[in-house]
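Protein chains in written order, with the numbering used here: chain A, 359 to 444; chain B, 359 to 444; chain C, 359 to 444; chain D, 359 to 444.
Here the structure comes first, spelled out in structure tokens, and everything after it is commentary.
Number of protein chains: 4
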Amino acid sequence: MDSRNGVLHRLKIARGHLDKVINMVQDDEYCIDILTQSQAVQGQLSEVDAKILEKHLSTCVADALKKGDNKNAVNEVVKVFRRGHG
Amino acid sequence: MDSRNGVLHRLKIARGHLDKVINMVQDDEYCIDILTQSQAVQGQLSEVDAKILEKHLSTCVADALKKGDNKNAVNEVVKVFRRGHG
Amino acid sequence: MDSRNGVLHRLKIARGHLDKVINMVQDDEYCIDILTQSQAVQGQLSEVDAKILEKHLSTCVADALKKGDNKNAVNEVVKVFRRGHG
Amino acid sequence: MDSRNGVLHRLKIARGHLDKVINMVQDDEYCIDILTQSQAVQGQLSEVDAKILEKHLSTCVADALKKGDNKNAVNEVVKVFRRGHG
Numbered sequence: 359m360d361s362r363n364g365v366l367h368r369l370k371i372a373r374g375h376l377d378k379v380i381n382m383v384q385d386d387e388y389c390i391d392i393l394t395q396s397q398a399v400q401g402q403l404s405e406v407d408a409k410i411l412e413k414h415l416s417t418c419v420a421d422a423l424k425k426g427d428n429k430n431a432v433n434e435v436v437k438v439f440r441r442g443h444g
Numbered sequence: 359m360d361s362r363n364g365v366l367h368r369l370k371i372a373r374g375h376l377d378k379v380i381n382m383v384q385d386d387e388y389c390i391d392i393l394t395q396s397q398a399v400q401g402q403l404s405e406v407d408a409k410i411l412e413k414h415l416s417t418c419v420a421d422a423l424k425k426g427d428n429k430n431a432v433n434e435v436v437k438v439f440r441r442g443h444g
Numbered sequence: 359m360d361s362r363n364g365v366l367h368r369l370k371i372a373r374g375h376l377d378k379v380i381n382m383v384q385d386d387e388y389c390i391d392i393l394t395q396s397q398a399v400q401g402q403l404s405e406v407d408a409k410i411l412e413k414h415l416s417t418c419v420a421d422a423l424k425k426g427d428n429k430n431a432v433n434e435v436v437k438v439f440r441r442g443h444g
Numbered sequence: 359m360d361s362r363n364g365v366l367h368r369l370k371i372a373r374g375h376l377d378k379v380i381n382m383v384q385d386d387e388y389c390i391d392i393l394t395q396s397q398a399v400q401g402q403l404s405e406v407d408a409k410i411l412e413k414h415l416s417t418c419v420a421d422a423l424k425k426g427d428n429k430n431a432v433n434e435v436v437k438v439f440r441r442g443h444g
């Protein structure tokens, strides 16, 4: 619950910053400032991803591994890791 | 103008997908599905960044370099590149 | 054993490509070609990381989680994930 | 010359660290330590990329843009940026 609320709070901050990116483009602001703001949003989402992954490993993956259901649980996490690394 | 509208269109799609991430967290959906959706938003923003950078290089950076004002223009672009690479 | 040999094989290919990057810089080759080659090495190392992570989750993390030693095992994996995402 | 030597120096350090990754795998060291070392190599290469890009923008791209040859020079840089962002 607590962790979910923390994640929701961060996601809403990221959405606020994404709204700001949209306004900056509409107002023709300086490209570098827009890029800086957009990269900040991506950094915030990536930080949220780390929180969600942490919870996922401690709960779902832990349960799956205890049941010996390694393969699927591991593959899903590796896929998330790979996607984040181009 | 055209390029700005294209960028705005993509940003609004990314915002729609970020709203979906928020809903998925509120609905306690499966962590891996949330992470997949969040990474998709980051990919869309990164794609927008490439478009903005492209325009920035063709316009502002081109102007600065023609005026011999290399240092600042180059440093700004390198900073954006660095931030995107952890 | 098999997985370790696969990882070693890929790492040696990456080292060969890194040697090529060094030669390209020494021979003053075109910057973009050097960058392309350097990014390929990073992609290969990141692919190796995914393989090592896969093995780590299936073995060490699985053992730790079975013993209820969640916290440390999870934190280490999240740290690796975070570092890969700037 | 100076910048080239700096780049070569950093690349050789990265190669030394990559050799260490290979040794660590051969010695069956702890996966997380191997991943940490591998990610350090990638960070070093990415830092070298930023240096090379900086020089490329100040020289080749500046020359191309002064000649009005924007399109190709810009596309090449955007491609490098994109590749680094998965």
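Glycine included, C-beta positions come from ideal geometry on N, C-alpha and C.
- Message: By the three-class DSSP mapping on this structure, what secondary structure does C/Glu387 have?
- Response: coil
- Going straight from the alpha carbon of C/Asn446 to that of D/Val379, what length do you get? With chain C covering 359 to 444 only, the question about residue 446 of chain C has no answer from this structure.
- Query: Using 7 Å as the limit for Cβ to Cβ distance, is D/Met359 near chain C?
  - Reply: For D/Met359, the predicted model reports a pLDDT of 49, less than 50, meaning its position is unreliable and no value from the coordinates is stated.
- Task: Assign C/Asp407 to one of three DSSP states: helix, strand, or coil.
- Result: helix
- chain D contact for C/Ile371 (CB, 7 Å cutoff): no
- Query: Between B/Asp377, B/Ile371, B/Arg368, which lies nearest to A/Ile371 when the distance is taken from Cα to Cα?
  - Reply: B/Asp377
- List the residues of chain A whose Cβ lies closer than 9 Å to the Cβ of C/Glu387, in chain order. Here the premise fails: no neighbours, minimum Cβ distance about 23 Å.
- Is the Cβ of A/Lys424 closer than 7 Å to any Cβ of chain C? Using a Cβ-Cβ cut-off of 7 Å, A/Lys424 counts as an interface residue toward chain C, since at least one Cβ of chain C sits closer than that to its own.
- Item | Proximity to A/Lys409 [Cα-Cα], best of B/Asp385, B/Cys389, B/Leu369 | B/Cys389
- Can you list the residues of chain A that B/Glu405 reaches, using a CB-CB cut of under 9 Å? Per Cβ cutoff of 9 Å: no residues; B/Glu405 is ~10 Å from chain A at best.
- Can you find a CB in chain A that lies within less than 7 Å of the CB of B/Val383? Among the CB atoms of chain A, one or more fall inside 7 Å of the CB of B/Val383.
- Task: Return no unless some Cβ of chain C is closer than 7 Å to the Cβ of A/Ser416.
- Result: With 7 Å as the cut-off, A/Ser416 counts as an interface residue toward chain C.
- In three-state terms, what does DSSP make of A/Gly426? coil
- Query: Does the beta carbon of C/Val365 sit closer than 7 Å to a beta carbon anywhere in chain A?
  - Reply: no
- Query: Looking at the structure shown, is B/Asn381 part of a helix, part of a strand, or coil, going by DSSP?
  - Reply: helix
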